[in-house]
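Protein chains in written order, with the working numbering: chain B, 3 to 351; chain E, 3 to 351; chain A, 3 to 351; chain U, 3 to 351.
Inspection log for the structure reproduced underneath, given as C-alpha cells.
There are 4 protein chains.
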Amino acid sequence: MATPHFGSDNVSGIASEILEAITSANGGGVGSYGGDGLTDSLTARFAEVFETEVSVLPVGTGTIANCLAVSFITPPWGAVYCHHDAHIMVDEANGPEFFSGGAKLADLPGDHGRLDVATVREAATAFPVDDLHHPMRAALSITQATEWGNIYSVPQVQALGDLCTELDMVFHMDGARFANAVAALGCSPAEVTWKAGIDVMSFGATKNGCMAVEALVVFGEKRKEFVKLQRLHKRAGQLFSKMRFFSAQLEAYLANDNWITWAAHANTQAKRLSQGVAAVDGVKLLHPVEANEIFLSMPIAVYDAMAATGFGLYPISPSGDGHGSIRLVTSFNSDPADVDTLVAAAQGA
Amino acid sequence: MATPHFGSDNVSGIASEILEAITSANGGGVGSYGGDGLTDSLTARFAEVFETEVSVLPVGTGTIANCLAVSFITPPWGAVYCHHDAHIMVDEANGPEFFSGGAKLADLPGDHGRLDVATVREAATAFPVDDLHHPMRAALSITQATEWGNIYSVPQVQALGDLCTELDMVFHMDGARFANAVAALGCSPAEVTWKAGIDVMSFGATKNGCMAVEALVVFGEKRKEFVKLQRLHKRAGQLFSKMRFFSAQLEAYLANDNWITWAAHANTQAKRLSQGVAAVDGVKLLHPVEANEIFLSMPIAVYDAMAATGFGLYPISPSGDGHGSIRLVTSFNSDPADVDTLVAAAQGA
Amino acid sequence: MATPHFGSDNVSGIASEILEAITSANGGGVGSYGGDGLTDSLTARFAEVFETEVSVLPVGTGTIANCLAVSFITPPWGAVYCHHDAHIMVDEANGPEFFSGGAKLADLPGDHGRLDVATVREAATAFPVDDLHHPMRAALSITQATEWGNIYSVPQVQALGDLCTELDMVFHMDGARFANAVAALGCSPAEVTWKAGIDVMSFGATKNGCMAVEALVVFGEKRKEFVKLQRLHKRAGQLFSKMRFFSAQLEAYLANDNWITWAAHANTQAKRLSQGVAAVDGVKLLHPVEANEIFLSMPIAVYDAMAATGFGLYPISPSGDGHGSIRLVTSFNSDPADVDTLVAAAQGA
Amino acid sequence: MATPHFGSDNVSGIASEILEAITSANGGGVGSYGGDGLTDSLTARFAEVFETEVSVLPVGTGTIANCLAVSFITPPWGAVYCHHDAHIMVDEANGPEFFSGGAKLADLPGDHGRLDVATVREAATAFPVDDLHHPMRAALSITQATEWGNIYSVPQVQALGDLCTELDMVFHMDGARFANAVAALGCSPAEVTWKAGIDVMSFGATKNGCMAVEALVVFGEKRKEFVKLQRLHKRAGQLFSKMRFFSAQLEAYLANDNWITWAAHANTQAKRLSQGVAAVDGVKLLHPVEANEIFLSMPIAVYDAMAATGFGLYPISPSGDGHGSIRLVTSFNSDPADVDTLVAAAQGA
C-alpha cells in the first residue's frame with residue numbers, strides 16, 4: 003500500500019498512462035539512438051502543442067536539461083542572468099558553469115522568484131557589451147513556475163522577452179513545472195513561450211508523472227544552431243541507445259492533454275491544502291500559492307500533528323520561537339482524501 | 003509483431019523481468035534522488051555479486067558511465083591509455099576529454115581490440131612522470147568484451163593490472179558487454195575485475211536487457227575518493243529524481259543471475275549465427291567470435307540474401323570486388339529460429 | 003617627453019631598477035623553463051619577505067594569477083565567495099570559472115569593496131556542505147587593497163581567516179595592489195597574510211613598477227598541493243622558457259624594499275591629489291583614499307579643467323546634473339609637480 | 003662571462019635590438035591593455051610582412067599561442083589532426099584539450115615530424131563528418147620547422163592546404179621556429195602560409211631572440227571570427243596591461259628583417275656543427291639538418307668530450323652499446339668560434 007507523500011513532486015511514481023506507453027514501446031527491434039518511429043514523430047508532436055516549428059531533444063533529468071540549455075545559449079565568456087534562487091544558480095552543482103565552459107551565472111533579486119525588467123536591464127547594461135574584461139551579456143533565464151511556486155503572467159514574460167530582443171540576449175525558460183504554469187494561466191503553451199520571446203526551454207515532465215524525461219525545445223532563429231545542441235547532447239551522454247522509451251513517455255505525456263490535466267489536478271490540490279493549513283492559527287503563507295508548491299511558516303506543533311499522519315513530509319527548518327518553515331508539494335496523483343486528512347491534522351493541532 | 007534485428011544489441015527492447023521491476027517499483031511516494039529503499043540496497047547487491055565491498059552509482063547511458071569514469075581516474079593533466087578503437091577514444095563525442103577537464107586520451111594499437119603489457123608500458127614510460135610539459139601517465143582503460151567482440155582472459159587482465167600497480171596507474175574497465183565476457187569466461191565477476199587489478203568499472207546493463215541503466219562500480223582504495231564521483235555524477239545530471247526506477251532495473255538484472263543467463267544466450271546465438279554464415283563461400287570472419295558480436299567480410303550477394311529476410315541489419319560497407327564488411331549482433335532475446343532463418347538465407351545465396 | 007597619466011597604474015612604464023635587472027639577466031645561456039639561478043633563488047627571497055616557508059610561481063599577468071589561484075583553491079563543484087566588485091568576479095572575462103572547471107563565483111555585498119564576517123558566514127552556511135545539489139563552500143577571496151582603493155586592517159583579515167578555519171575554507175588574497183596595502187598599514191607582509199589566515203595569494207608587481215610579472219604565493223598546509231599548481235601553471239602557458247627575465251623582475255622588485263618604497267610614494271601622491279581636488283566646490287570623494295586610487299564625483303567643468311592639462315585621464319562617466327564620476331590613480335613614478343599641476347587645474351575650474 | 007649553451011634555443015638571452023626596443027618603449031604613460039601606439043601599428047607591420055590583411059594578437063609563450071590557436075580552430079567536439087610528436091600533442095601539458103573544451107588531438111605518424119596527405123585524408127575521413135558519436139574532423143595542425151628540425155616545402159604545405167579546403171578543415175601552423183623555416187626555404191612568409199592554405203598560425207619569436215613574445219596570426223576568412231580569439235586571449239590572461247613592451251619586441255623582431263637574419267645565422271651554425279660532429283666515427287644523424295636543430299646518435303665518449311668543453315648541453319639519453327641520442331640546437335647568437343670548439347672536442351674524442 004502506497005504511502006502519500008507531500009514533500010516533493012519527485013517522490014511520486016509514474017502515471018499509469020506513461021507506464022503503459024513504455025510497455026507498449028517494447029515491441030521488437032527498432033533503430034537505436036533515436037532511429038525509431040516514436041522519436042521520429044516527437045518533433046511534430048511538440049510542434050502541434052506549441053503551434054510552431056520547433057527542434058526537440060529528450061533528456062533524462064532536469065539538471066542536464068538546464069545544463070545543456072545554458073551551454074547552448076551563451077559562449078563561455080558570456081553572462082546568463084537569473085534569479086538568486088534559480089535552479090541553474092544553486093541546485094545544479096555548478097553544472098551550468100561546467101557545461102558552458104565557464105560562463106557566468108549572474109544572480110539577481112526578485113520577489114517570489116520573479117525577475118523584473120528594471121533589475122535585468124540594470125545588470126545587463128552595467129558593462130559595455132564589447133569590453134573584453136567583463137562577462138558579456140548573453141542570455142536571460144527565468145523559471146516558470148518559479149522556485150517559490152509563483153507564475154510569470156504572459157505580459158511579464160513578454161516584457162522580459164522585449165528586453166532580450168533589445169539587448170540581443172537569448173531568452174531561456176526553465177520549465178521544470180511548466181505544465182503547472184500553463185494550467186494555472188489558462189493560456190496556450192505558445193502564448194507564454196515563443197510568442198512572448200522565449201528562444202529555448204527546458205520542458206519538464208518527470209515531476210508531473212513521467213519516469214525520467216524532459217525535453218529541450220528550441221524555437222525560431224535559435225533552431226539554426228540546433229546541430230550544436232545535438233553535439234552537446236550526445237557528448238553529455240543523453241543520446242539514449244534505447245531512445246524509444248524516452249520518446250514514448252513524452253508522447254503519452256502530451257497525448258490527450260494529459261500533462262495539463264495532471265498539472266491542473268496538482269494545482270487544485272495545492273490550493274485546497276494551502277487554504278486548509280493556512281487557516282490554522284500561527285500558520286503563514288510565505289508566498290502566494292499559484293502552482294503546486296506551498297511554502298509556509300508554522301508552529302512546530304502544527305507540523306508535528308501533520309507528520310503524525312504518517313504521510314511523507316520534508317523536515318521542518320526551525321526558525322526560532324517554536325516555529326519553522328516548510329515546503330509542501332502536491333502531485334498529479336495527490337489524493338484529495340489525503341489532502342483532507344493532512345488539513346484535518348493541521349487544524350486539530 | 004516484432005521484427006527481429008541483428009544490427010545491434012541496442013535495438014532490442016526491455017527484458018520482461020526488467021519491465022516488471024520498473025512496474026513493481028511504482029508504488030507510492032518514496033524519497034527522491036536515491037533516498038529510496040531500492041537504491042539503498044543496491045550497493046549490497048553489487049558487493050554480493052563482486053564478493054567485496056564496492057561503491058556504486060547508477061547512470062543512464064554507457065557514454066556517461068565512461069565519461070564519468072575517465073574524469074574520476076585522471077587529473078586534467080593526465081593521460082589515459084586505451085585502444086585505438088576504444089569507445090572512450092572514438093565513440094563518446096570527446097566526452098572523456100570534456101568531463102575530465104582536458105585529459106589526454108592516448109590511443110594504442112592491439113589485435114582484436116586488445117592491449118598488451120609491452121605496448122602500454124612503452125607508451126606510459128615514454129616521458130618522465132614528473133615532467134611538467136608532458137601528459138602525466140594516470141590510467142589505463144580496457145574494454146571487456148572488446149570493441150571487436152573479443153575477450154581478455156583473466157591472466158591478460160591480471161598482467162595489465164600488475165603493470166598499473168607498478169606504474170601507479172588507475173585501471174578502468176569499460177564493461178558495456180561485461181556480462182557477455184563473464185558468461186564466456188565462466189569465471190566469477192571478481193576474478194576478472196578487482197582481483198585482477200581493476201579499480202573502476204563501467205558496468206553495462208542496457209545492451210543486455212535493461213531499458214536505460216549502467217553502473218559505475220568502484221573497488222578497493224579508489225573507494226576513498228567516492229565522494230568526488232558523487233559530485234561529478236550529480237553535476238552531470240545523473241542523480242535521477244526518481245532513482246528507484248533505475249535501481250530497480252539493476253536489481254532485477256542481477257537477480258537470479260539473469261544478467262549471466264541472458265548474456266550466455268546471446269553468446270550462444272552469436273556462435274550459432276557466425277558458424278552458419280561463415281560456412282558460406284566467400285564469407286570470412288574478421289575477428290574470432292567470443293561474445294555476441296560478429297564481424298564479417300562477405301559477398302554483397304550474401305548480404306542481400308540475408309537482408310531479404312526482412313530482418314533488421316546494419317548497412318554493409320562495400321570494400322570493393324563485390325564484397326563488404328558487416329557487423330551482426332545477437333541479444334538476450336535473439337530467437338534461435340530467427341538465427342536459423344538468417345543462416346539459411348546466407349547459405350542459399 | 004613623457005606625458006603624465008593619472009588614469010591607471012597600468013599606464014606607467016617600468017621602474018629603472020626593474021629594467022636594469024632584466025638587462026643584467028641577459029648574460030649567456032642558462033637553463034630554460036625556470037632552470038636558472040635567478041628562479042632558483044626566488045623562493046628563498048619570498049620566504050625572507052614573508053618570514054616563513056612559501057612556494058612561489060611567477061606569472062605574466064594579474065588575470066592569470068587570479069585564474070590559477072581560483073583553480074587551485076576550489077574543486078569544480080565548489081563556491082568561492084568574493085565581493086560583488088572583485089576582479090575575479092567581473093574583470094577576468096570568466097577566467098576563474100573556466101580555469102576552475104566551472105566553480106561558482108558567489109558575489110557578496112560590502113562597503114568600499116570590503117567583506118565582513120557576518121555576510122560571508124551567511125552565504126557560506128546557506129546550504130549543508132555535503133549536499134550534492136548545491137555549490138560546496140570551498141574558499142573565500144578578498145582583494146587587498148580593494149577595488150575601491152580601501153584596505154582591510156589586520157584584525158579584519160584575521161577575523162575572516164578565523165571564519166575560513168572554522169568553515170574549512172581556503173583563504174585567498176588578490177594582492178594586485180598588495181604593496182600599497184602594506185605601505186599604508188605599516189605592518190609586515192606576514193602579519194596581513196599567512197599570520198591572519200591567508201593560504202594563497204596573487205602577489206602583484208606589474209602595477210607597481212614591473213614590466214609584466216606577478217607571483218602566486220602559497221603558504222602553510224596548502225604547500226603540500228603545490229605540484230598541482232605547477233601543473234596548472236604550465237598548462238596555462240605560464241612556464242616561460244626564458245623565465246629568468248621574470249624572476250629577475252621580482253628579485254629587483256623585492257630588493258631594498260623597492261616595492262614598499264614605490265607603493266608608499268604612490269599612496270602619498272594619492273593623498274595629496276585627493277585632498278587637493280576634493281577641496282574644490284562640488285567635488286566629493288566616493289570612497290576614503292587609503293591606497294593609490296581615488297574615486298570622485300565632480301562637476302564636469304572641473305574634469306574638463308583637469309583634462310585641459312593634457313595629462314592622461316580616463317573619460318568621466320556622466321551621472322546627470324552636470325556631474326560625473328571618475329577614477330584617478332597614482333603610481334610609483336607619479337611626479338609631485340604633476341600632481342600639483344592637476345590640483346591647480348581643478349581648483350582653478 | 004657568458005657560457006655558450008647548445009641544449010636549446012630557449013637558453014639564449016635577448017637580442018640587443020629587442021632589449022633596446024623594450025627600453026625605448028619605456029617612455030611616459032600610455033594606454034594600457036594594448037591601447038598604445040606600438041600595439042596599434044602591429045597589425046599593419048604583420049600585414050606588410052605577410053603581404054595580406056591579417057589579424058594579430060601578441061602572447062607570452064608558445065604554449066599559450068598553441069592552446070589558443072587550437073581553441074580557435076575547433077569546436078569542443080572536433081578533432082585536430084597533428085603529428086604524433088607535435089608540441090600540441092605531447093608538450094603542452096594537455097593545454098590544447100583544456101582550452102578547447104575537450105577537443106580531440108588525433109595524432110598521426112610521419113617521417114621527420116612531417117605529415118602527408120594520404121595519412122591525414124585516411125584519418126579525417128574514417129568517420130562520417132555528421133555522425134554525432136565520433137569526433138568531428140575540424141582542423142589540421144603542422145609544425146614548421148617540425149619537431150625533428152625538418153621543413154615542409156611550399157608544395158607540401160600547399161597539398162595539405164588543398165586537402166583542408168576539400169574536407170572543410172581549418173589549417174594551423176605551429177611556427178615556433180617559423181623564422182628558421184623561412185630562412186631555409188628562401189621563400190616569402192606568404193608563400194608558405196596563407197598562399198598555401200594556412201588559416202591560423204602560432205608565430206614564434208622567443209626562441210629566436212625575443213624575451214617572451216609570440217603572435218597569433220589569422221588570415222583570410224577566419225579573420226571574421228577574430229573577436230572570439232580576442233575573448234579567448236583575454237580570458238587566458240594574455241591581455242598584458244603593459245602590452246607596449248610585448249608589441250615593441252615584435253616590432254623590433256620584424257624590423258630590418260632581423261628575424262630572418264637571426265634565424266639564417268642559427269641555421270648556418272647548425273649545418274656547420276652537424277657536419278663537423280657527424281664526421282666523427284660512430285656518430286649518426288637521426289634526421290636531416292634543415293633548420294637549427296640537430297638530432298644525433300653518438301658514442302657516449304664523444305658526448306663526454308663535448309661536455310668537457312664546459313658548454314651547456316642537454317644530458318644524453320643512453321641507448322645501449324655505449325651510445326646515446328642527443329639534441330643540439332643553435333641560436334641567433336651562437337658564436338661560430340664556439341661551434342668550432344665543440345666540433346673540435348667531438349673530433350678529438
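For glycine and all other residues, C-beta sits at the position ideal for the given N, C-alpha and C.
C-beta atoms of residue i and residue j nearer than 8 angstroms
| i | j | result |
| --- | --- | --- |
| Lys211(E) | Ile16(E) | The amino acid occupying residue 211(E) in the given sequence is Gly; Lys does not appear at that position. It is a contact, given that the beta carbons lie within the stated cut-off. |
| Val282(B) | Val56(B) | no |
| Tyr83(A) | Val51(A) | no |
| Val345(A) | Gly284(A) | no |
| Glu223(E) | Lys106(U) | no |
| Thr65(E) | Gly97(E) | yes |
| Val119(E) | Leu165(E) | yes |
Backbone CA spacing between residue i and residue j [nearest angstrom]
| i | j | result |
| --- | --- | --- |
| Ala364(B) | Asp109(B) | Lying before the first or after the last residue shown, residue 364(B) is absent from chain B, which here runs from 3 to 351. |
| Trp79(B) | Phe173(B) | 17 angstroms |
| Val13(U) | Tyr316(U) | 11 angstroms |
| Gly39(A) | Asp11(U) | 18 angstroms |
| Ser276(B) | Ala178(A) | 54 angstroms |
| Tyr255(U) | Arg237(E) | 48 angstroms |
| Val304(E) | Glu216(B) | 43 angstroms |
| Ala23(U) | Lys209(A) | 21 angstroms |
| Glu253(E) | Ile90(U) | 46 angstroms |
| Arg329(B) | Ile296(B) | 6 angstroms |
| Asn28(A) | Gly151(A) | 37 angstroms |
| Arg246(E) | Gly36(E) | 7 angstroms |
| Ser327(U) | Thr145(A) | 51 angstroms |
| Val184(A) | Lys226(A) | 27 angstroms |
| Gly163(B) | Glu168(E) | 60 angstroms |
| Arg129(A) | Ala140(A) | The sequence given here has Phe at residue 129(A), not Arg. The alpha-carbon atoms of Phe129(A) and Ala140(A) are separated by roughly 12 angstroms. |
| Glu53(B) | Leu142(E) | 51 angstroms |
| Ala81(U) | Met308(B) | 59 angstroms |
| Val341(B) | Val32(E) | 17 angstroms |
| Lys230(B) | Phe248(A) | 42 angstroms |
| Met3(E) | Ser26(B) | At Met3(E), the pLDDT of 44 sits below 50, so the modelled position is not reliable and the matter cannot be decided from this model. |
| Gly350(A) | Ala214(A) | 38 angstroms |
Assumed close pair residue i, residue j - CB separation to whole angstroms, cut-off 8 angstroms
| i | j | result |
| --- | --- | --- |
| Pro290(B) | His325(B) | Contact flag wrong, Cβ pair sits at about 20 angstroms. |
| Ser204(A) | Ala71(A) | 5 angstroms |
| Ala272(B) | Thr311(B) | Their Cβ separation, rounded to whole angstroms, is 17 angstroms, which puts Ala272(B) and Thr311(B) out of contact at 8 angstroms. |
| Val159(A) | Gly199(A) | 7 angstroms |
Short CB-CB distance (under 8 angstroms) between residue i and chain F
| i | result |
| --- | --- |
| Ser243(U) | Structure shown: chain F not included; protein chains present are B, E, A and U. |
What are the residues in the region 213-230 of chain E lying within 7 angstroms of chain B by C-beta distance?
For the region 213-230 of chain E, residues whose beta-carbon sits nearer than 7 angstroms to a beta-carbon of chain B comprise Met213 and Ala214.
Kindly confirm or deny that the region 228-236 of chain U and the region 59-70 of chain U touch, where touching means at least three C-beta pairs closer than 8 angstroms.
Yes: at least three Cβ pairs fall under 8 angstroms.
For the region 103-115 of chain E, list every residue whose C-beta sits within 9 angstroms of some C-beta in chain U, in sequence order.
Using a CB distance below 9 angstroms, the part of the region 103-115 of chain E facing chain U consists of Gly103, Gly104, Ala105, Lys106, Leu107, Ala108 and Asp109, ordered along the chain.
Counting only Cβ-Cβ distances shorter than 7 angstroms, please list the residues of the region 84-99 of chain E near chain U, keeping chain order.
Against chain U - using a Cβ distance shorter than 7 angstroms - the residues of the region 84-99 of chain E are Val92, Asp93, Ala95, Asn96 and Glu99.
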